[in-house]
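S.K.:
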Amino acid sequence: MMVRMESPTQGCTGIRWQVIYVLFSYLCYSVSGQIHYSIVEEMRKDSVIANIADDLGLDIKQLSSRKLRIVSRSAEKYFYVNPNNGNLYIKDRIDRETLCGMEVLCFLTFDAVVENSFSNFKIKVEIQDINDNSPQFYHNTITLEIIELTSQGARFALQSAEDPDIGSNSVQTYKLSDNQYFTLTENIRIDGSKYPELVLEKPLDREKQDIHRLILTALDGGNPIRTGTTLLKVVVIDANDNAPIFTQNMYKVNLKENIPVNSTVIMLNATDNDEGVNAQITYSFLKTSGNIHHTGIFSINPNTGEIKINENLDIEEAKNYELSVQAKDGGGLVAHCKVLVAVIDVNDNAPEISITSLSSPIPEDSAPGTMIALIEVHDQDSGDNADVDCQILEDVPFNLLSSDTYYRLVLSAGIDREKTSSYNITIIATDRGSPPLSSTRVLTFDISDVNDNPPIFFKSTYTAYVPENNLPGASIFRIQASDTDTGDNAKIIYSISNTITETPSMTSYFSINVETGVLYAQRSFDYEQNKEFIIEVTASDNGSPSLSSNVTLFIHIVDQNDNVPKILYPSPDTAGSVVFEMVPFVSEPGSLVTKVIAVDADSGHNSWLSYHFIQVSDQNHFLISERTGEIRTSRIFNEKDMLNYKVVVMVKDNGHPTLSATATLSLIIADEFQQVVPKLSNKLKDEETQSNLQLYLVVGLALISLLFIITVMVAIISKCKQPKPLPAFSSLATNLYPPIDPRTFSMYSDGSLPLPYSYNMCVALDPADGDFTYMNPSGNVPVENLIDADNTEQGTQYLKETCPSTEQVMNLPARQGPQTYFMKH
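Be aware that the sequence shown starts at 313, since it is given in this note's numbering, and climbs by one per residue.
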């Protein structure tokens, strides 16, 4: 491919260079992926060299996203690539002579790097020489002293001109101005360079002309040809007909770059066959444009010709040095030679690690094989000393993949931020020199969080205990969950997601703080209604997508002592009536009188009941069991003892504070019922009179009125019916109750006392007295089942006549043991 380029102007001549050819050759995609271009020096800035994308086979449309760029330590200041179209441009002026000196081949090498997906190619650009430099003599005047006796045909070596260009653009020939004494010939050194020689064609005569002034012209082979001139001043002197001679025209020396300062490089030797002053040789450097910068590094002894080194060598600065040495005798004759110094590399540079691309933080869900960083390793040494191996010191889930001078740091396994939130990776680069040198670079990567962990509760289940009668709105429990993620992924929101119990509207019972997990009671609980709640609480994080977990909370309502004991027997339905228990006079100590039965709706300790007397006529006659409520006799009764004992039983629970209930019983000492009623009536009257004298008159009037009414009723009944003989009252008393079937025992009894039947009963005790006794049934007891077949019709008829308010009058059989009566008076 040829590109026509217009050269820059040179100096003030304004002459444009001819059209030059920019040649580049696309060799092929070899194993190393190297591309070779060839351009000429001094190309204009922003000139297009080639389209790298086309040569690499890259899609132009994807260049921007794939991040095409060039990487080089030396070539970046000369070239740049447009990442949009793939063109390679000239960035700055390229001077081949400055860049490569006298080397035959001059290259600039760089890498074309494509980051996505990663690939790199070696680009090699050859810089071709153009004839942009004219030959130049270092001295404007060259003085040559020739003895006048010098024979015809004598040759005198002249200083050669220097041309930084190479090949045909360098010095090709010399010309001498017209004269009659001298001609010019050219000789070639071992390295191929030409130098002029002055040939004496006609004997000199100092007396005729002692100085000859000639113009020496050097011409290169460029197009157009460039020239350089110097004044050649020939001074004719007397007899020194032998010039110094070096043993070699060119010397080659190899020096290690770590050679100590002041070390001897080479010892030069030139000889002169003359004698005396004409044989005294002085050595010196010829300061030409090629070695003007090197003479400070080296020094030469003018008397011995010993060359020493004055400064440390560095192959990275210069690989070769060319020294021009002159030997001059005392008669002014000179000889020239060249000393070529080649610097041998030693491993004095450690590898350099550069991070050209770095991705941080790394998402914890990154797949193995993901590229994390692009690393460039460079060693300024050469050969084996520049070959570098890289490795990771730590045991981490990363690998280094080599690609020429680049290394890709990629994931080798999955990573988990919750286990390791960051990595410090030490990369060590070691060259293959002897001894090897190494350098390290520490890379720090943060791992970014991904919502991959659900909230976790501290327990699998929770249990809370809430006392009943709590205040609505009070906090009752706190549930906590943790999330090992960070940020919003670890922000937890609590909710009541489900209720396992069948209780409806659980939100009316409980609420939860969405941020703290504190559970609140929405209402006051009653243990007797709800003993337990089972709630399912959900903890959800704020990630995307959100993760959640559930836990079951068992809420037990703790019973409080808020229920008063309930007395089942004596029945609370007998309000306003006095419960009588009949105790046989002949009862033995410890005989069962009756049993107080009570229950408590609370549970546990709050339902443990105890029974106590709080009011009794004489506590020495009766005892009550604190645990069972059974009332028993404490001793044998005497004739002088009272017939009626009033006791108040208090039933209290074991709660705190203690709650209690009371029941009042009248215990009547008698063997037969007819013995009880008159005495009991008198007894009651006496007690009432003694207890309340102010009511005495009221009671008396009431009794008189009651007797009057009874008398009238008896008189009416006597007139309406034939009087019949009354049965003995003892028969009524002895047959008042039938024997109780054991199957009728109360569920609250321990078997020692049956639960008696209750019923209404009216008994005429004495026509003159007129008192009545009623017994109220607490249940629907069939009357037919209570009638005893052994009773006569007279007894039944008598009851009907004496109790006109009762529709059915029954003659009941007697029962053994204490008997219960309810009396109204």
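Positions of the beta carbon are idealized from the N, C-alpha and C atoms, including for glycine.
Taking the Cβ atom as the reference point for each residue, do residue 872 and residue 781 lie within a distance shorter than 8 Å?
M.R.: Working through the sequence shown from its first residue, we reach residue 872 at position 560. Working through the sequence shown from its first residue, we reach residue 781 at position 469. Going by C-beta atoms, residue 872 is nearer than 8 Å to residue 781.
S.K.: Are the CB atoms of residue 752 and residue 740 nearer to each other than 8 Å?
M.R.: As a position in the sequence shown, residue 752 is number 440, starting the count at 1. As a position in the sequence shown, residue 740 is number 428, starting the count at 1. Yes, the Cβ-Cβ distance between residue 752 and residue 740 is below 8 Å.
S.K.: How far does the beta strand (DSSP E) with residue 1030 in it extend, from its first residue to its last?
M.R.: Residue mapping note: residue 1030 aligns to position 718 of the sequence shown, counting from 1. Where residue 1030 is concerned, there is no enclosing beta strand (DSSP E), although the alpha helix (DSSP H) it sits in stretches over 1008-1032.
S.K.: Report the three-state DSSP secondary structure of residue 418 (helix, strand or coil).
M.R.: Sequence index remark: in the sequence shown, residue 418 carries index 106 (1-based). It is coil, neither helix nor strand.
S.K.: What residue range does the alpha helix (DSSP H) around residue 366 cover?
M.R.: Counting from one through the sequence shown, the residue named residue 366 turns up at place 54. Residue 366 -> alpha helix (DSSP H) spans 364-368.
S.K.: Quick check on the DSSP output: what are the complete beta strand (DSSP E) runs of length 3 or more inside the stretch 711-742, in order along the chain?
M.R.: For the stretch 711-742, whole beta strand (DSSP E) runs of length 3 or above, ordered along the chain, are 718-723.
S.K.: Since residue 436 sits in a beta bridge, which residues does DSSP pair it with?
M.R.: Residue numbering aside, residue 436 sits at position 124 when the sequence shown is read from its first letter. Looking at the DSSP assignment, residue 436 forms a beta bridge with 348, 421.
S.K.: For residue 880, collect the residues of the same chain with a Cβ closer than 7 Å to its Cβ; drop the 5 residues on either side in sequence, then sort them by chain order.
M.R.: Counted from its first residue, the sequence shown places residue 880 at position 568. Cβ neighbours of residue 880 beyond the five flanking positions: 909, 910, 911, 1060.
S.K.: Can you have a look at residue 839 and say buried or exposed, based on whether 16 or more other CB atoms are within 10 angstroms of its CB?
M.R.: On the sequence shown, position 527 is the one that residue 839 refers to. Counting Cβ neighbours within 10 Å, residue 839 comes out buried, since at least 16 surround it.
S.K.: At the level of alpha carbons, what is the spacing between residue 346 and residue 435?
M.R.: Locating residue 346 in the sequence shown gives position 34, where the first residue counts as 1. Locating residue 435 in the sequence shown gives position 123, where the first residue counts as 1. Going by the C-alpha atoms only, they are around 6 Å apart.
S.K.: Residue range of the alpha helix (DSSP H) that residue 375 falls in?
M.R.: Residue numbering aside, residue 375 sits at position 63 when the sequence shown is read from its first letter. 375-378 is the extent of the alpha helix (DSSP H) around residue 375.
S.K.: Evaluate the contact criterion for the stretch 763-777 versus the stretch 707-716: three or more CB pairs, one atom per stretch, below 8 Å.
M.R.: Because the criterion of three Cβ pairs below 8 Å is not met, the stretch 763-777 and the stretch 707-716 do not touch.
S.K.: Mind checking who residue 702 pairs with in its DSSP beta bridge?
M.R.: One-based indexing of the sequence shown puts residue 702 at position 390. Per DSSP, 741.
S.K.: Can you give the Cα-Cα distance for residue 498 and residue 470, rounded to whole angstroms?
M.R.: The sequence position of residue 498 within the sequence shown is 186, counting from 1. The sequence position of residue 470 within the sequence shown is 158, counting from 1. The alpha-carbon atoms of residue 498 and residue 470 are separated by roughly 10 Å.
S.K.: Leaving out five residues before and five after residue 670 in sequence, what residues of the same chain have Cβ atoms less than 6 Å from its Cβ?
M.R.: Indexing the sequence shown from 1 puts residue 670 at position 358. Cβ within range, chain order: 685.
S.K.: Which value, in whole angstroms, describes the spacing of the CA atoms of residue 453 and residue 599?
M.R.: Counted from its first residue, the sequence shown places residue 453 at position 141. Counted from its first residue, the sequence shown places residue 599 at position 287. About 14 Å.
S.K.: In this structure, how does DSSP classify residue 917 when only helix, strand and coil are distinguished?
M.R.: As a first step, residue 917 must be located in the sequence shown, where it is residue number 605. Helix.
S.K.: Taking the C-alpha atoms as reference points, what is the distance between residue 630 and residue 384?
M.R.: In the sequence shown, counting from the first residue as 1, residue 630 sits at position 318. In the sequence shown, counting from the first residue as 1, residue 384 sits at position 72. Each residue's Cα considered, the two are about 19 Å apart.
S.K.: When the Cα of residue 580 is compared with those of 638, 609, 592, which residue comes out closest?
M.R.: Translated into the one-based positions of the sequence shown, residue 580 becomes position 268. Out of 638, 609, 592, 638 has the C-alpha closest to the C-alpha of residue 580.
S.K.: Can you round the beta-carbon distance between residue 655 and residue 567 to whole angstroms, since I take them to be within the 8 Å contact cut?
M.R.: By 1-based counting over the sequence shown, the position of residue 655 is 343. By 1-based counting over the sequence shown, the position of residue 567 is 255. Indeed they touch by this definition, with Cβ atoms about 6 Å apart.
S.K.: Just how far apart, CA to CA, sit residue 1039 and residue 921?
M.R.: The residue labelled residue 1039 in the question sits at position 727 within the sequence shown. The residue labelled residue 921 in the question sits at position 609 within the sequence shown. No answer about residue 1039 holds up, because its pLDDT of 39 lies below 50 and its placement is not dependable.
S.K.: In terms of residue numbering, what span does the alpha helix (DSSP H) encompassing residue 409 cover?
M.R.: For this step, residue 409 is matched to residue 97 along the sequence shown. 408-412 is the span of the alpha helix (DSSP H), which, as asked, contains residue 409.
S.K.: Grouping DSSP H, G and I as helix and E and B as strand, with all else coil, what is residue 882?
M.R.: The sequence position of residue 882 within the sequence shown is 570, counting from 1. Three-state result, residue 882: coil.
S.K.: Below 8 Å on the Cβ atoms is my guess for residue 546 versus residue 526; work out the distance and round it to an integer in Å.
M.R.: Residue 546 sits at position 234 when you count from the first residue of the sequence shown. Residue 526 sits at position 214 when you count from the first residue of the sequence shown. Contact holds; Cβ gap of about 7 Å.
S.K.: Where residue 594 and residue 574 are concerned, what is the direct C-alpha to C-alpha distance, given to the nearest angstrom?
M.R.: Taking the first residue of the sequence shown as 1, we reach residue 594 at position 282. Taking the first residue of the sequence shown as 1, we reach residue 574 at position 262. Rounded to whole angstroms, residue 594 to residue 574 spans 21 Å at the Cα level.
S.K.: Quick one: what does DSSP say residue 609 is sitting in, helix, strand or coil?
M.R.: As a first step, residue 609 is located in the sequence shown; it is residue number 297 there, counting from the start. Note: residue 609 maps to coil in three-state DSSP.
S.K.: With distances taken from CA atoms, which of 572, 412, 793, 789 is nearest residue 830?
M.R.: Numbered from 1 along the sequence shown, position 518 holds the residue referred to as residue 830. Taking only the C-alpha atoms, the option nearest residue 830 is 789.
S.K.: Take the Cβ of residue 676 as the centre, count every other Cβ of all protein chains shown within 10 Å, and call the residue buried at 16 or more, exposed below.
M.R.: The residue given as residue 676 occupies position 364 in the sequence shown. Residue 676 is buried by the Cβ-count criterion.
S.K.: Which residues mark the beginning and the end of the beta strand (DSSP E) in which residue 965 is found?
M.R.: In the sequence shown, the residue the question calls residue 965 occupies position 653. Note, residue 965: beta strand (DSSP E), 956-965.
S.K.: Among 862, 837, 783, 854, which one has its Cα closest to the Cα of residue 809?
M.R.: Here residue 809 corresponds to residue number 497 of the sequence shown, with the count starting at 1. Per the Cα distances, 862.
S.K.: Tell me, which residues are paired with residue 471 by DSSP?
M.R.: On the sequence shown, residue 471 is found 159 positions in, with the first residue counted as 1. Answer is none; residue 471 lacks a bridge partner.
S.K.: Just verifying my parser: in three-state terms, what is the DSSP assignment at residue 632?
M.R.: Numbered from its first residue, the sequence shown carries residue 632 at position 320. Note: residue 632 maps to strand in three-state DSSP.
S.K.: Is it the case that the Cβ atoms of residue 806 and residue 849 are separated by a distance below 8 Å?
M.R.: Here residue 806 is taken as the residue at index 494 of the sequence shown, counted from 1. Here residue 849 is taken as the residue at index 537 of the sequence shown, counted from 1. Result yes, Cβ atoms of residue 806 and residue 849 sit closer than 8 Å.
S.K.: What is the DSSP secondary structure of residue 800, counted as helix, strand or coil?
M.R.: Here residue 800 corresponds to residue number 488 of the sequence shown, with the count starting at 1. In this structure, residue 800 counts as helix in the three-state DSSP scheme.
S.K.: Measuring CB atoms only, is the stretch 635-649 touching the stretch 392-403, in the sense that at least three cross pairs come out at less than 8 Å?
M.R.: Too few Cβ pairs lie closer than 8 Å, so no.
S.K.: Are the Cβ atoms of residue 793 and residue 767 separated by less than 8 Å?
M.R.: Residue numbering aside, residue 793 sits at position 481 when the sequence shown is read from its first letter. Residue numbering aside, residue 767 sits at position 455 when the sequence shown is read from its first letter. Yes, they are a contact pair.
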